[in-house]
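Residue numbers for the sequence shown follow this note's numbering, so the first one is 133 and each next one is one higher.
We treat Cβ as the ideally placed atom computed from N, Cα and C, and that holds for glycine.
Predicted model only: the values in this text are computed from it and were never measured.
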Amino acid sequence: MRPRPLVVFDRLDLLEWQFCQRISRLSIYRPWRVTLQAASRLGDWPVWVLLILAQPWLQPNGAWRVLQYSVIALFAVAIYRLVKTRLCRERPFITYGGGIECCEPARDRYSFPSGHTMHAVMFSVLVAAHTPWLLPVVLPLTLLIAISRVGLGLHYVSDVLAGAAMGYAFALASLYWMG
(Lines of atoms letter the chains of each structure in order from A and count residues from 1; the text may use other names and numbers.)
(Lines give C-alpha, C1' and ligand atoms only; values in the text may rest on other atoms or scores of the structure.)
Protein backbone atom coordinates (compact mmCIF):
# COMPACT_ATOMS: atom_id res chain seq x y z
CA MET A 1 0.00 0.00 0.00
CA ARG A 2 1.24 3.49 -0.88
CA PRO A 3 1.63 6.18 1.79
CA ARG A 4 -1.39 8.49 2.06
CA PRO A 5 0.31 11.67 0.70
CA LEU A 6 1.35 9.85 -2.47
CA VAL A 7 -2.20 8.59 -3.00
CA VAL A 8 -3.45 12.18 -2.73
CA PHE A 9 -0.91 13.30 -5.35
CA ASP A 10 -1.90 10.42 -7.61
CA ARG A 11 -5.54 11.50 -7.33
CA LEU A 12 -4.68 15.15 -8.05
CA ASP A 13 -2.56 14.05 -11.03
CA LEU A 14 -5.48 12.03 -12.41
CA LEU A 15 -7.89 14.95 -11.97
CA GLU A 16 -5.47 17.31 -13.70
CA TRP A 17 -4.97 14.85 -16.55
CA GLN A 18 -8.75 14.52 -17.01
CA PHE A 19 -9.07 18.31 -17.13
CA CYS A 20 -6.20 18.57 -19.65
CA GLN A 21 -7.84 15.86 -21.73
CA ARG A 22 -11.07 17.87 -21.90
CA ILE A 23 -9.23 21.06 -22.85
CA SER A 24 -7.13 19.34 -25.53
CA ARG A 25 -10.27 17.85 -27.11
CA LEU A 26 -11.27 21.38 -28.14
CA SER A 27 -8.37 21.23 -30.60
CA ILE A 28 -10.46 19.09 -32.92
CA TYR A 29 -12.02 22.38 -34.05
CA ARG A 30 -9.65 23.58 -36.74
CA PRO A 31 -9.95 27.38 -36.19
CA TRP A 32 -9.26 26.97 -32.47
CA ARG A 33 -6.34 24.58 -33.09
CA VAL A 34 -4.80 26.90 -35.70
CA THR A 35 -5.14 29.86 -33.29
CA LEU A 36 -3.43 27.89 -30.51
CA GLN A 37 -0.68 26.72 -32.87
CA ALA A 38 -0.03 30.29 -34.02
CA ALA A 39 0.13 31.51 -30.41
CA SER A 40 2.46 28.67 -29.50
CA ARG A 41 4.81 29.43 -32.41
CA LEU A 42 4.87 33.13 -31.54
CA GLY A 43 5.70 32.15 -27.97
CA ASP A 44 8.66 30.05 -29.14
CA TRP A 45 10.80 33.17 -29.45
CA PRO A 46 9.91 35.50 -32.36
CA VAL A 47 7.61 37.90 -30.54
CA TRP A 48 9.96 38.22 -27.54
CA VAL A 49 13.06 38.80 -29.66
CA LEU A 50 11.13 41.46 -31.59
CA LEU A 51 10.05 43.06 -28.31
CA ILE A 52 13.65 43.11 -27.06
CA LEU A 53 15.04 44.54 -30.29
CA ALA A 54 12.28 47.17 -30.50
CA GLN A 55 13.06 48.68 -27.09
CA PRO A 56 15.16 51.61 -28.43
CA TRP A 57 12.14 52.75 -30.47
CA LEU A 58 9.57 52.08 -27.75
CA GLN A 59 11.00 54.12 -24.87
CA PRO A 60 13.61 56.80 -24.17
CA ASN A 61 16.10 54.52 -22.37
CA GLY A 62 15.38 51.59 -24.66
CA ALA A 63 19.01 50.66 -25.32
CA TRP A 64 19.38 49.84 -21.62
CA ARG A 65 16.18 47.77 -21.77
CA VAL A 66 17.63 45.64 -24.58
CA LEU A 67 20.39 44.62 -22.19
CA GLN A 68 18.02 44.16 -19.24
CA TYR A 69 15.51 42.05 -21.17
CA SER A 70 18.24 39.96 -22.79
CA VAL A 71 20.02 39.25 -19.50
CA ILE A 72 16.86 38.23 -17.67
CA ALA A 73 15.69 36.09 -20.60
CA LEU A 74 19.01 34.21 -20.69
CA PHE A 75 19.02 33.82 -16.90
CA ALA A 76 15.42 32.55 -16.98
CA VAL A 77 16.24 30.01 -19.71
CA ALA A 78 19.20 28.69 -17.71
CA ILE A 79 17.14 28.20 -14.53
CA TYR A 80 14.19 26.82 -16.50
CA ARG A 81 16.36 24.19 -18.21
CA LEU A 82 17.93 23.24 -14.90
CA VAL A 83 14.51 22.72 -13.31
CA LYS A 84 13.10 20.92 -16.33
CA THR A 85 15.97 18.45 -16.66
CA ARG A 86 15.99 17.69 -12.93
CA LEU A 87 12.27 17.10 -12.47
CA CYS A 88 11.72 15.18 -15.73
CA ARG A 89 7.91 15.25 -15.80
CA GLU A 90 6.69 13.55 -18.95
CA ARG A 91 4.34 15.46 -21.20
CA PRO A 92 0.64 14.52 -20.91
CA PHE A 93 0.47 13.00 -24.39
CA ILE A 94 3.42 10.74 -23.46
CA THR A 95 2.23 9.74 -19.98
CA TYR A 96 -1.31 8.90 -20.95
CA GLY A 97 -0.81 7.61 -24.47
CA GLY A 98 -3.81 8.15 -26.71
CA GLY A 99 -5.83 10.01 -24.09
CA ILE A 100 -4.38 13.37 -25.15
CA GLU A 101 -3.43 14.21 -28.71
CA CYS A 102 -0.31 16.27 -29.32
CA CYS A 103 -1.16 18.95 -31.90
CA GLU A 104 2.24 20.63 -32.11
CA PRO A 105 5.78 19.22 -32.04
CA ALA A 106 7.30 19.25 -28.57
CA ARG A 107 10.71 20.93 -28.21
CA ASP A 108 11.82 18.27 -25.76
CA ARG A 109 10.47 15.33 -23.79
CA TYR A 110 9.58 16.98 -20.50
CA SER A 111 6.77 19.33 -19.60
CA PHE A 112 7.42 20.91 -16.19
CA PRO A 113 7.51 23.92 -16.19
CA SER A 114 6.15 25.62 -19.30
CA GLY A 115 8.90 27.79 -20.78
CA HIS A 116 6.50 29.42 -23.22
CA THR A 117 4.31 30.60 -20.36
CA MET A 118 7.32 31.62 -18.27
CA HIS A 119 8.58 33.95 -20.99
CA ALA A 120 5.13 35.28 -21.84
CA VAL A 121 4.39 36.25 -18.23
CA MET A 122 7.91 37.58 -17.66
CA PHE A 123 7.75 39.88 -20.68
CA SER A 124 4.17 40.91 -19.84
CA VAL A 125 5.29 42.13 -16.42
CA LEU A 126 8.25 43.97 -17.97
CA VAL A 127 5.93 45.55 -20.55
CA ALA A 128 3.57 46.60 -17.75
CA ALA A 129 6.48 48.32 -15.99
CA HIS A 130 8.09 50.01 -18.99
CA THR A 131 5.64 50.29 -21.89
CA PRO A 132 2.14 49.75 -20.45
CA TRP A 133 0.51 51.04 -23.63
CA LEU A 134 1.53 47.70 -25.24
CA LEU A 135 -0.47 45.65 -22.71
CA PRO A 136 -3.64 45.44 -24.87
CA VAL A 137 -1.54 43.46 -27.37
CA VAL A 138 0.77 41.56 -25.01
CA LEU A 139 -1.76 40.37 -22.40
CA PRO A 140 -4.14 38.57 -24.81
CA LEU A 141 -1.13 36.97 -26.50
CA THR A 142 0.21 35.83 -23.12
CA LEU A 143 -3.14 34.31 -22.23
CA LEU A 144 -3.37 32.54 -25.59
CA ILE A 145 0.17 31.19 -25.23
CA ALA A 146 -0.63 29.78 -21.78
CA ILE A 147 -3.88 28.21 -23.00
CA SER A 148 -2.14 26.83 -26.09
CA ARG A 149 0.27 24.78 -24.01
CA VAL A 150 -2.58 22.77 -22.47
CA GLY A 151 -4.87 22.95 -25.49
CA LEU A 152 -2.24 21.46 -27.78
CA GLY A 153 -1.58 18.58 -25.38
CA LEU A 154 1.95 19.68 -24.49
CA HIS A 155 1.51 20.64 -20.82
CA TYR A 156 -0.50 20.08 -17.70
CA VAL A 157 -2.20 23.06 -16.10
CA SER A 158 0.28 22.86 -13.21
CA ASP A 159 3.16 23.16 -15.71
CA VAL A 160 1.62 26.37 -17.02
CA LEU A 161 0.98 27.74 -13.52
CA ALA A 162 4.57 26.96 -12.49
CA GLY A 163 5.90 28.61 -15.65
CA ALA A 164 3.76 31.68 -14.96
CA ALA A 165 5.02 31.88 -11.35
CA MET A 166 8.62 31.58 -12.51
CA GLY A 167 8.12 34.24 -15.19
CA TYR A 168 6.56 36.59 -12.66
CA ALA A 169 9.42 36.01 -10.21
CA PHE A 170 12.09 36.57 -12.88
CA ALA A 171 10.42 39.79 -14.01
CA LEU A 172 10.20 41.10 -10.44
CA ALA A 173 13.87 40.22 -9.87
CA SER A 174 14.80 42.03 -13.07
CA LEU A 175 12.84 45.11 -12.06
CA TYR A 176 14.39 45.06 -8.58
CA TRP A 177 17.99 44.65 -9.79
CA MET A 178 17.87 46.62 -13.03
CA GLY A 179 14.93 48.95 -12.63
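| Query | Result |
| --- | --- |
| Run of the alpha helix (DSSP H) containing aspartate 240, from where it starts to where it stops | Careful: aspartate 240 lies outside any alpha helix (DSSP H) and carries neither H nor E. |
| Limits of the unbroken alpha helix (DSSP H) element including tryptophan 265 | Run containing tryptophan 265: none; DSSP gives neither H nor E here. |
| DSSP-derived helix/strand/coil call for glutamate 236 | coil |
| Stretch-stretch touch, CB-based, cutoff 8 Å, three pairs: the region 203–210 with the region 260–279 | no |
| Exposure of valine 181, with buried meaning 16 or more beta-carbon neighbours within 10 Å | exposed |
| Close-in-space but distant-in-sequence residues of the same chain around serine 243 (CB under 6 Å, 5 per side omitted) | Arg221, Arg223, His287, Asp291 |
| Touch test, the region 150–160 against the region 273–284, Cβ-Cβ under 8 Å, three pairs minimum | yes |
| Isoleucine 184 beta carbon less than 7 Å from that of serine 172 | no |
| Status (buried if at least 16 other CB within 10 Å, exposed otherwise) for threonine 217 | exposed |
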